[in-house]
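Below is one structure, written out as structure tokens, with a few remarks after it.
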Amino acid sequence: MRLFRPLLVAAALLAASTAQAQQSRFTAGPVISEYGAVADIEGAAPIPPQTVFRVAFDVSEAATAGEVSRRLESAARFLNMHVRAGVPRENIHLAVVVHGPAVRDLMIEPRPGEANANAGLIAALVANGVDIFLCGQTAANAGIEPDALLPGVRLSLSAMTMHALLQQDGYTLNPF
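Residues 9 to 184, numbered by our numbering, are exactly what the sequence shown covers, in order.
What follows is the structure, given as structure tokens:
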């Protein structure tokens, strides 16, 4: 066991240094600089400049209390990544459909007296034209009134309804 312990420590240090090196490849922006850092990928398949994206993100998993939701931040990453890759900003249309436990990530005060760590992200997404919809059935089930939601969040009849409407408008579902 004595010999094994130094090997474990060395492996942990190597993994931490590799993770740090990988994270340093991720940089901010160009659209939402505070959220959604992305890495440039050499040799990636080119995206035709006339590409138009209509993408819906389905979010049901809540963030850990006090942390930014990685699921919500995916929309910022998508926007930053594709503008950086040369897709014109006006060709990217994003919607986020939230339901289930993730409702807390859209509330002004997720728990009494608690500030929402996602407020800045939601504001940045809305300011950059991302539509954010909350399932009305989730809100009704949780007893959440519209005035408890962060600015820019809109209610839909249901998440199922919103996804169906978005699909009719040519949106594809992003599973990440």
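Beta carbons: idealized from backbone N, C-alpha and C, even for Gly.
Predicted model only: the values in this text are computed from it and were never measured.
Considering only C-alpha positions, which residue in the set the options is nearest to residue i?
i, options, result
"residue 53", "68, 93, 101", "93"
"residue 6", "165, 148, 180", "Here the chain covers residues 9 to 184 and nothing more, so residue 6 does not appear."
"residue 139", "154, 65, 116, 59", "65"
How is residue i classed by DSSP in three states: helix, strand or coil?
i, result
"residue 174", "helix"
"residue 64", "strand"
"residue 132", "helix"
"residue 162", "strand"
"residue 36", "coil"
"residue 103", "strand"
"residue 180", "strand"
Go through its chain and collect everything with a Cβ distance to residue i's Cβ below 6 Å, but skip five positions before and after it.
i, result
"residue 79", "67, 69"
"residue 62", "101, 178, 179"
Count the other CB atoms, across all protein chains shown, that sit within 10 Å of the CB of residue i; report buried if there are 16 or more and exposed otherwise.
i, result
"residue 95", "buried"
"residue 2", "With the chain running from 9 to 184 in the structure shown, residue 2 is simply not present."
Starting from the C-beta of residue i, find all residues in its chain whose C-beta is less than 7 Å away, skip the five residues before and the five after it, and write them out in chain order.
i, result
"residue 136", "39, 40, 87"
"residue 34", "45, 46, 47"
Going along the chain, which residues of its own chain have a beta-carbon closer than 8 Å to the beta-carbon of residue i, five neighbours each way excluded?
i, result
"residue 123", "117"
| When the Cβ atoms of the region 164 to 179 are set against those of the region 139 to 153, are three or more pairs found closer than 8 Å? | Judged by Cβ distances under 8 Å, the region 164 to 179 makes contact with the region 139 to 153, as three or more pairs qualify.
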